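*Asks:* Got a structure for you, written out below as structure tokens; questions coming shortly.
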Amino acid sequence: MSVVDFSDPATIAFLAAALQAAGVDGIEIIQPGRTLRIVTGRDAPGADPLVQILQSTSCAAKPDKVSAPMAGVFSSHHPASSAPPSQPPLKVAAGETLGFIGIGSILLPVKAVKPGVMTRRVAEDGSVVGYGDPLFEFEPRP
Amino acid sequence: MIEIVDTGPLNTIQDLGRPGYRDIGVTASGAMDPLALKIANLLVGNDQGAAAIEVQTFPFRLRLRETTVFAVTGGANAKIDGVVLPPWWTQTCDAGQVLELLPSPLAARAYVAFAGGVDVPIVMGSRSTSLRGAFGGIEGRALQKGDTLLLGEPIATVLPADGLGVVPPASALAEFFPVAADNTLLIRALPAGEHDLFGADGERFWSQSWKISSQSDRTGYRLSGEPVRPTAPVEMRSYGIVPGVVQVPPGGEPIVQMSDANTAGGYPKIAGVLDADLWRLGQARIGSRLRFVRSSHAEARTLDKVIAAYVEDVRNTAQMVGRALETMAGPKPAVRKGKNQ
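First to last, the sequence lines map onto chains W and U.
The first sequence begins at 1 in the UniProt record's numbering and counts up by one.
The second sequence begins at 1 in the UniProt record's numbering and counts up by one.
Have a look at this one:
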């Protein structure tokens, strides 16, 4: 499987040209740790499109996302647990399991990679999520 | 190698047992919940019938002497160095880490499987401990504090080191394995040879609920409730017994034969529990209640297929998920290592 590098200027230029040709105002592509936003100026044809790349780095204090390790059905709690999951904000340790992705009878853990506070659940319980889809908002706190 | 740090009595090494020797009086033994044993083995990449530890008394603690892939299924609350593991889960742990099992309110027995399986001598085709026969497992006895167990050579798998689990069968197959609203376990059974000799009491056997008495173990469960008796005394020749046979001794309170069942007996048999429901009985706790539900051969076949499909789905999907994660992660150094490396 190939992963497109959306920080590559050539890729951005290609996307911007494609957007302008299609008459689309803009596009936002969210990847784990990076958001690319391209806004084309419809009122000023020929003008350079506005390109923003938001990079979240490990030491950033701004909200982080915990994303799906694989496509499947999201659940914020284990199917055998009867207690409802605690509501955010939740202080979590590195490696703590925040939820699960169900693929058939198999459950994959969604883990916090660093200590911090889980501030919001983004995905609904029972919803189908794709690889890399954001599941939680997370503020890293050392 | 693993080391038993702490164990209650009667925790043993079990696989799927040694059927085929009942004719010479050898009890089959084997896991009380064979489904949990199979899933634990599949999660660590073993053949489904590899030997594992059956834990039925707690607390139970073991220390890993090397990096080891293990899985815990069945009824237990498991912790690794104090960190709670989800139920029915596999993970890789490092040398020195301690796995602790505490009892679960939901189920009676836990299974701990290791990549490569527990390596004890095979006796009559099985590594299962026969406590009554004093052979199999470790010298035919239960595990003791300080025991060390060798593991077999792990089969290379691609299961993620980050851990992975299954939806437990009680949840995944809930529609096929019902529990009454008051939590009474519903156990499907077929009427057996002497059922009709019980007359009206034979019908009450099905309608009333039975409590699993404290005189219950791997050999059999003694049930307590209002006694059922044949309309006239029954004299019988001894006959062969398999797990699931429900006998009624003169006292009128039934006995369900379990994994360490005697090979022959002479009490009238009123019913036989479906194989597909034995794993649930194996997980039923002393003091809990059950009711027998009259079933059919057709339902027995359907339930066997449902269980087989679940096991097959776990086997295939676990491997598929492991391969997909490995592909997405790209090349990486091997994290697994065998004991000789």
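Glycine included, every Cβ here is placed at the ideal spot set by N, Cα and C.
A quick note: this is a predicted structure, and the numbers were derived from the prediction, not measured.
Starting from U/L171, trace the alpha helix (DSSP H) both ways and give me its first and last residue.
*Replies:* Before going on, a small fix: residue 171 of chain U reads as Ser here, not Leu. Start and end: 169-172.
*Asks:* Quick test of your reading: U/V228 and U/V248, contact by CB under 8 Å. State the CB separation rounded to the nearest angstrom.
*Replies:* Going by Cβ atoms, the distance from U/V228 to U/V248 rounds to 6 Å, so yes, they are a contact pair.
*Asks:* Under 8 Å, Cβ to Cβ, is there at least one residue of chain W near U/T68?
*Replies:* Not closer than 8 Å to any Cβ of chain W, the Cβ of U/T68 fails to qualify, so no.
*Asks:* Are U/L62 and U/C93 closer than 8 Å when you measure CB to CB?
*Replies:* No, the pair does not count as a contact, with Cβ atoms beyond the cut-off.
*Asks:* Interface residues of chain W around U/T317 at Cβ under 9 Å?
*Replies:* Here the neighbours are I103, G104, S105, I106.
*Asks:* Okay, do the segment 141-151 of chain U and the segment 101-112 of chain U touch, 3+ Cβ pairs below 8 Å being the bar?
*Replies:* With a cut-off of 8 Å, the segment 101-112 of chain U and the segment 141-151 of chain U do not count as touching, because too few Cβ pairs lie within range.
*Asks:* If we cut at 8 Å on Cβ distances, does W/K111 have a partner in chain U?
*Replies:* It does; some Cβ of chain U falls within 8 Å.
*Asks:* In angstroms with no decimal places, state the Cα-to-Cα distance between W/H78 and U/G252.
*Replies:* Going by the C-alpha atoms only, they are around 42 Å apart.
*Asks:* Looking at the strands, I want to know which residues DSSP matches up with W/Y131.
*Replies:* Paired residue(s): none; W/Y131 is not in a bridge.
*Asks:* Measuring straight from C-alpha to C-alpha, what distance separates U/K211 and U/T157?
*Replies:* In a straight line, the C-alpha of U/K211 is about 43 Å away from that of U/T157.
*Asks:* Does the CB of W/P84 have a neighbour CB from chain U at under 8 Å?
*Replies:* Cβ-Cβ to chain U under 8 Å: no for W/P84.
*Asks:* Could you check which residue in U/G287, U/V306, U/M236 has the C-alpha nearest to that of U/I265?
*Replies:* This sequence places Gly at residue 265 of chain U; Ile is not what is there. Out of U/G287, U/V306, U/M236, U/M236 has the C-alpha closest to the C-alpha of U/G265.
*Asks:* Give the residues from the segment 158-180 of chain U that approach chain W closer than 9 Å (Cβ to any Cβ), ordered along the chain.
*Replies:* The segment 158-180 of chain U vs chain W, Cβ under 9 Å: P160, D162, G163, L164, G165, V166, V167, P168, P169, A170, S171, A172.
*Asks:* Less than 8 Å between the beta carbons of U/G117 and U/A50, yes or no?
*Replies:* The answer is yes: Cβ separation under 8 Å.
*Asks:* Tell me the DSSP secondary structure of U/F292 in three-state form.
*Replies:* In this structure, U/F292 counts as strand in the three-state DSSP scheme.
*Asks:* Exposed or buried, what is U/K269 when buried is set at 16 or more other beta-carbons lying within 10 Å of its beta-carbon?
*Replies:* Buried, by the Cβ-count rule.
*Asks:* Can you tell me where the beta strand (DSSP E) holding U/D47 begins and where it ends?
*Replies:* Per DSSP, U/D47 belongs to no beta strand (DSSP E) and is neither H nor E.
*Asks:* Say whether chain W places a C-beta atom closer than 8 Å to the C-beta of U/A276.
*Replies:* Cβ-Cβ to chain W under 8 Å: no for U/A276.
*Asks:* Hey, would you say U/R280 sits closer than 8 Å to U/L185, going by beta carbons?
*Replies:* Their beta carbons are under 8 Å apart, which means U/R280 touches U/L185 by this criterion.
*Asks:* Can you give me the C-alpha to C-alpha distance between residue 353 of chain U and U/G165, rounded to a whole angstrom?
*Replies:* Within the shown structure, residues of chain U are numbered from 1 to 341, placing residue 353 of chain U beyond reach of any answer.
*Asks:* Measure the beta-carbon distance from U/V69 to W/S105 and round it to whole angstroms, keeping in mind my assumption that it falls under 8 Å.
*Replies:* 19 Å between Cβ atoms; not a contact.
*Asks:* Starting from U/T7 and walking both ways along the alpha helix (DSSP H), at which residues does that stretch end?
*Replies:* That residue, U/T7, is in no alpha helix (DSSP H); it is neither H nor E in DSSP.
*Asks:* Between U/V311 and the rest of its own chain, which residues show a CB-CB distance below 6 Å, the 5 nearest in sequence each way excluded?
*Replies:* Closer than 6 Å at the Cβ level, and outside the excluded window around U/V311, lie K38.
*Asks:* Use the C-beta contact count for U/R222: other C-beta atoms within 10 angstroms, 16 or more gives buried, fewer gives exposed.
*Replies:* Classification for U/R222: buried.
*Asks:* With a Cβ-Cβ cutoff of 8 Å, do U/I138 and U/I286 count as a contact?
*Replies:* Not a contact, by the Cβ cut-off of 8 Å.
*Asks:* Where do the ends of the alpha helix (DSSP H) carrying U/G320 lie?
*Replies:* Reading off the sequence shown, one finds Met at residue 320 of chain U, where the question assumed Gly. That run of the alpha helix (DSSP H) goes 297-329.
*Asks:* Looking at chain W, is there any beta carbon in it that lies within less than 8 Å of the beta carbon of U/P86?
*Replies:* Answer yes: the Cβ-Cβ gap between U/P86 and chain W drops below 8 Å somewhere.
*Asks:* With distance defined between alpha-carbon atoms, name the residue in U/L99, U/G199, U/L151 nearest to U/P59.
*Replies:* That would be U/L99, whose Cα lies nearest to the Cα of U/P59.
*Asks:* By the criterion of Cβ-Cβ separation under 9 Å, what are the contact partners of W/A80 in chain U?
*Replies:* Under the 9 Å cutoff, chain U gives P86, P87, W88, L106, V167, P168, A170, S171.
*Asks:* Check this for me: beta carbons of U/T27 and U/T231, under 8 Å apart or not?
*Replies:* Against a cut-off of 8 Å, the Cβ pair of U/T231 and U/T27 comes out as no contact.
*Asks:* Three or more C-beta pairs closer than 8 Å, one from the segment 119-138 of chain U and one from the segment 75-93 of chain U: is that the case here?
*Replies:* Short answer: they don't touch.
*Asks:* Check whether chain W comes within 8 Å of U/A324, counting only Cβ atoms and requiring the distance to be less than that.
*Replies:* By this cut-off, U/A324 is an interface position.
*Asks:* The beta strand (DSSP E) with U/R63 in it runs from where to where?
*Replies:* First-last of the beta strand (DSSP E) with U/R63: 60-64.
*Asks:* Which of the three DSSP states, helix, strand or coil, is assigned to U/W279?
*Replies:* Helix at U/W279.
*Asks:* Name the chain U residues whose beta carbon is nearer than 8 Å to that of W/M70?
*Replies:* Per Cβ cutoff of 8 Å: V321, A324, L325, M328.
*Asks:* Smallest Cα separation from U/S213: which of U/S224, U/M124, U/E3, U/S207?
*Replies:* Residue U/S224 is the option with its Cα nearest to U/S213.
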